[in-house]
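A quick write-up on the structure given underneath.
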C-alpha cells in the first residue's frame with residue numbers, strides 16, 4: 085500500500101491518494117486545482133474508484149465534482165454530514181467565493197467498511213468539527229480529517245461544530261488500542277502515541 089499526500093486548495097488541505105500494488109486507488113478529500121492530482125494518478129498508472137470524504141467543509145470538497153467527472157469515482161461520506169455537504173452556507177463555500185454542493189453516492193455509518201482492491205477502510209464516526217465527521221482506518225493508519233491534527237484539533241465554532249462532542253471523539257481516538265500513524269486534514273502526519281502524550285486536547 086502506498087500513500088501520497090497532496091496539499092491542495094487555498095489553505096493547503098491534505099488530499100490523500102491511497103493505492104495498492106494492483107493500481108487500485110482511493111482519494112481522501114480534495115480541493116482546489118485538481119491537476120497535480122491528475123498528474124500523480126497518471127504518472128503512477130492508478131485507477132481511482134472512490135472519493136472518501138472526512139467531512140463536508142468547502143476546503144475538503146472543492147474538487148470533488150471535477151475529480152468525479154474525470155474518473156467516475158463513487159463519492160462516499162458520513163450519513164450525518166448531508167446538511168454540511170449540500171448547503172453552501174453550512175459548508176462555508178458561500179463565504180469563500182463560490183457555492184459548492186456535493187451529493188454523495190453512498191452514505192456510511194460508524195463501523196462500516198469500504199473495500200477497494202486489497203484495501204479495506206474502516207469507518208469511525210468522530211463528530212465535533214462537524215456533525216458528521218469521519219475518520220478512516222486502514223491497517224495501522226488513521227485519516228483523521230479535521231478531527232485531530234499534530235498537537236491540536238479541529239475548530240468547533242463553525243456550523244454544526246460542538247466542543248464537547250469533539251472532545252468525546254478525541255477520547256475515542258486516544259483510547260484505540262495500539263499505535264497508529266495519523267494523516268490529518270491539514271499539516272504534517274503524526275502518530276497516535278505522540279498525540280496521546282503531548283496533545284493537550286487528548
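Residue numbers (my numbering): 85 to 286. Backbone N, C-alpha and C fix where the C-beta goes; we use that ideal spot for every residue, glycine too.
Could you spell out where the beta strand (DSSP E) holding residue i opens and where it closes?
| i | result |
| --- | --- |
| residue 134 | 131 to 136 |
| residue 191 | 190 to 192 |
| residue 95 | Where residue 95 is concerned, there is no enclosing beta strand (DSSP E), given that its DSSP letter is neither H nor E. |
| residue 242 | Premise fails: residue 242 is in no beta strand (DSSP E) and is neither H nor E. |
| residue 219 | 218 to 222 |
| residue 206 | 203 to 209 |
Kindly indicate the opening and closing residues of the alpha helix (DSSP H) around residue i.
| i | result |
| --- | --- |
| residue 278 | 276 to 282 |
| residue 249 | 247 to 258 |
Throw me the rounded Cβ distance for the residue i and residue j pair, which I believe falls under 8 Å.
| i | j | result |
| --- | --- | --- |
| residue 148 | residue 176 | Actually they are not in contact, since the Cβ atoms of residue 148 and residue 176 sit about 15 Å apart, beyond 8 Å. |
| residue 234 | residue 274 | 4 Å |
| residue 132 | residue 90 | At roughly 12 Å, the Cβ-Cβ gap does not stay under 8 Å, so residue 132 and residue 90 are not in contact. |
| residue 95 | residue 143 | 5 Å |
| residue 240 | residue 225 | With 8 Å as the limit, residue 240 and residue 225 do not qualify as a contact, their Cβ atoms being about 25 Å apart. |
| residue 118 | residue 168 | That pair is no contact at about 21 Å. |
| residue 232 | residue 279 | 7 Å |
| residue 242 | residue 257 | 20 Å between Cβ atoms; not a contact. |
| residue 288 | residue 228 | No answer is possible for residue 288: it lies beyond the span of the chain, which begins at 85 and ends at 286. |
| residue 88 | residue 124 | 6 Å |
| residue 210 | residue 141 | In fact, because the Cβ distance is near 14 Å, the residues do not count as touching under 8 Å. |
Just list the residues that DSSP pairs residue i with in beta bridges.
| i | result |
| --- | --- |
| residue 267 | 227 |
| residue 236 | 233 |
| residue 100 | 89 and 112 |
Fully enclosed by the segment 105 to 154, which beta strand (DSSP E) runs are 3 residues long or longer? Runs of the beta strand (DSSP E) lying entirely within the segment 105 to 154, each at least 3 residues long, are 108 to 112 and 131 to 136 in chain order.
Segment contact, 8 Å Cβ cut-off, at least three pairs: the segment 88 to 101 with the segment 260 to 268: yes
Is there contact here, the segment 128 to 142 with the segment 170 to 190, by at least three beta-carbon pairs under 8 Å? Enough Cβ pairs lie closer than 8 Å, so yes.
Contact between the segment 205 to 223 and the segment 145 to 164: three or more CB pairs below 8 Å? yes
Given 8 Å as the limit, is there contact between the segment 240 to 255 and the segment 186 to 206, that is, 3 or more CB pairs closer than that? no
Determine, using beta-carbon pairs with one atom in the segment 198 to 207 and one in the segment 103 to 117, whether at least three such pairs fall under 8 Å. yes
3-residue-minimum beta strand (DSSP E) runs that sit fully inside the segment 163 to 201, ordered along the chain: 190 to 192 and 197 to 200
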